[in-house]
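Engineer:
Residue numbers (this note's numbering): 30 to 207.
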């Protein structure tokens, strides 16, 4: 059995588990060696806006690629934005195989305006959710997504979906490199 080494730009078990799950699906004949590392995002702890969020994930992958040797590098960065239709949280995901890179994005989770306003005041979403729902360290569990959907979706399931879609260019390189 071949071993596939994946480096995830976070030590958060939710992110590591999402990455391991995706690579196990796409590479069923490989042993998946998936490790999380501290990787700086070089954006605020709570990114606001799509661009800041995407750049955070890209920075984490760049750090991993420059610092570690692996078959794939990936990162997930959660952010929030005030859209014309209301506040929402989402994540950007980045996957890199050493030569090619794919950027993906999760779906939006509508956020109550009062919670989004707390983010604008410098708080992190996980902390805001812990206060609102009387939980502890929810960001390493189901996240805001789990709390606001009554656990019908979770932070991990959202990352898993976004990573699944971001794998497409690696599965069909001839089409994507035309």
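Glycine included, C-beta positions come from ideal geometry on N, C-alpha and C. Just so we're clear, the structure is a prediction, and the values are computed from it rather than from any experiment.
Take residue 101 as the anchor and find which of 116, 42, 92 and 107 has the nearest alpha-carbon.
Structural biologist: Considering only alpha carbons, the answer is 92.
Engineer: Pick helix, strand or coil for residue 190, following the three-state DSSP scheme.
Structural biologist: The answer is helix: DSSP assigns residue 190 an H, G or I state.
Engineer: What runs of the beta strand (DSSP E), each 3 residues or longer, lie entirely inside the segment 66 to 149?
Structural biologist: Fully enclosed beta strand (DSSP E) runs of 3 or longer: 101 to 112, 115 to 125 and 130 to 134.
Engineer: Figure out for me which residue from 173, 152 and 197 has the closest Cα to the Cα of residue 43.
Structural biologist: Of 173, 152 and 197, the residue nearest in Cα terms is 173.
Engineer: For the candidate residues 99, 169 and 84, whose alpha-carbon lies nearest to that of residue 32?
Structural biologist: The shortest Cα separation from residue 32 among 99, 169 and 84 belongs to 99.
Engineer: How about the segment 61 to 71 and the segment 80 to 91: do they share at least three Cβ pairs that are nearer than 8 angstroms?
Structural biologist: Yes, since at least three Cβ pairs between the segment 61 to 71 and the segment 80 to 91 fall closer than 8 angstroms, the two stretches touch.
Engineer: How would you label residue 121, buried or exposed, when you count the other beta carbons within 10 angstroms and need 16 or more for buried?
Structural biologist: Buried is the call here.
Engineer: With distances taken from CA atoms, which of 199, 159 and 48 is nearest residue 126?
Structural biologist: Comparing Cα positions, the closest option is 199.
Engineer: Find out if the Cβ-Cβ distance for the pair residue 64, residue 36 is shorter than 8 angstroms.
Structural biologist: Yes, the pair counts as a contact, with Cβ atoms nearer than the cut-off.
Engineer: Quick check on DSSP: helix, strand or coil for residue 185?
Structural biologist: Residue 185 falls in the helix class under three-state DSSP.
Engineer: Which stretch, first to last residue, makes up the beta strand (DSSP E) that contains residue 35?
Structural biologist: Taken as a continuous stretch (DSSP letters only), the beta strand (DSSP E) holding residue 35 covers 31 to 37.
Engineer: For the putative contact between residue 146 and residue 117, defined by C-beta atoms under 8 angstroms, what is the C-beta separation to the nearest angstrom?
Structural biologist: Not confirmed; about 14 angstroms, so no contact.
Engineer: So, helix, strand or coil for residue 165, using DSSP?
Structural biologist: DSSP places residue 165 in coil when its eight states are reduced to three.
Engineer: Select from 144, 82 and 132 the residue whose C-alpha is nearest the C-alpha of residue 194.
Structural biologist: Considering only alpha carbons, the answer is 132.
Engineer: Do residue 107 and residue 154 have their beta-carbon atoms positioned less than 8 angstroms apart in this structure?
Structural biologist: Yes, the pair counts as a contact, with Cβ atoms nearer than the cut-off.
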